[in-house]
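In this note's numbering, the protein residues as written are 1008 to 1133. Where is the CB? At the ideal position from N, CA and C, for every residue including glycine. Predicted model, so just to flag it, every value in this text is computed and none were measured.
The following block contains the structure:
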């Protein structure tokens, strides 16, 4: 079963928003990269977030990294808000929860997180 995590957010600090957006863009797999690169991308993402937060582990459980299939969409709207959608495999809720906590810790405003599934097509708000 595929799960999809959709996230929206905005930061008052535009420089911080740009840093976070560039870090999230690491998960962009549209260039045909090998999925075996995802663990390295996670480590790089955590390194960039650690520079902002002062701690190393961002996500609760490294065991579900193998399910992350990449970033499908990342765009900055005219209002400045960021929208992204990731394919996460069966453990989308866990990944979404970790990502939501991270963005809250960084001070994201207007934060929305939604998890959808191709199996039942139901939405779950976080």
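| task | Mark residue 1029 as exposed unless 16 or more other C-beta atoms lie within 10 angstroms of its C-beta, in which case mark it buried. | result | Here residue 1029 is taken as the residue at index 22 of the chain shown, counted from 1. The residue is exposed, with fewer than 16 neighbouring Cβ atoms inside 10 Å.
| message | Quick check on the burial criterion: 16 or more other C-beta atoms within 10 angstroms. Buried or exposed for residue 1101? | response | Position 94 of the chain shown, counted from the first residue, corresponds to residue 1101. Residue environment for residue 1101: buried (at least 16 other C-beta atoms within 10 angstroms of its C-beta).
| request: Note down, one range per segment and in chain order, each alpha helix (DSSP H) of at least 4 residues found wholly within the region 1066-1114. | output: Residue ranges of uninterrupted alpha helix (DSSP H) with 4 or more members, entirely inside the region 1066-1114 and ordered along the chain, are 1099-1113.
| field | Through-space distance from residue 1085 to residue 1033, alpha-carbon basis | value | Position 26 of the chain shown, counted from the start, is the residue given in the question as residue 1033. Position 78 of the chain shown, counted from the start, is the residue given in the question as residue 1085. If you draw a straight line from the Cα of residue 1033 to the Cα of residue 1085, it is about 22 Å long.
| field | Of the listed residues 1025, 1062, 1035, nearest to residue 1094 (C-alpha basis) | value | As a first step, residue 1094 must be located in the chain shown, where it is residue number 87. Looking only at 1025, 1062, 1035, the smallest Cα-Cα distance to residue 1094 is reached by 1035.
| field | Same chain only: Cβ atoms within 6 Å of residue 1014, ignoring 5 sequence neighbours per side | value | Residue numbering aside, residue 1014 sits at position 7 when the chain shown is read from its first letter. When the five nearest sequence neighbours on each side are left out, the beta carbons in the same chain lying within less than 6 Å of the beta carbon of residue 1014 are those of 1091, 1120, in order along the chain.
| task | Return the CA-CA distance between residue 1096 and residue 1124, expressed in angstroms with no decimal places. | result | Stepping through the chain shown from its first residue, residue 1096 is reached at position 89. Stepping through the chain shown from its first residue, residue 1124 is reached at position 117. Take the alpha-carbon of residue 1096 and the one of residue 1124: they are about 9 Å apart.
| field | As assigned by DSSP and simplified to three states, the class of residue 1008 | value | For the purposes of this step, residue 1008 is taken as the residue at position 1 of the chain shown. Of the three classes helix, strand and coil, the one that applies to residue 1008 here is coil, per DSSP.
| If we call anything under 9 Å between Cβ atoms a contact, is residue 1031 one with residue 1018? | Within the chain shown, the letter at position 24 stands for residue 1031. Within the chain shown, the letter at position 11 stands for residue 1018. No. Outside cutoff.
| Nonlocal neighbours in the same chain, by C-beta distance under 7 Å from residue 1130, ignoring five residues either side | Counting from 1 along the chain shown, the entry for residue 1130 is found at position 123. Note that residue 1130 has pLDDT 46, beneath the 50 cutoff, so the model's placement of it is unreliable and the number below is only indicative. These residues qualify, in order along the chain: 1121, 1123.
| field | Environment of residue 1132 [buried if 16+ CB atoms lie within 10 Å] | value | Within the chain shown, the letter at position 125 stands for residue 1132. Low confidence applies here, because residue 1132 scores a pLDDT of 49, under 50, leaving its location unreliable; read the following figure in that light. Residue 1132 is exposed by the Cβ-count criterion.
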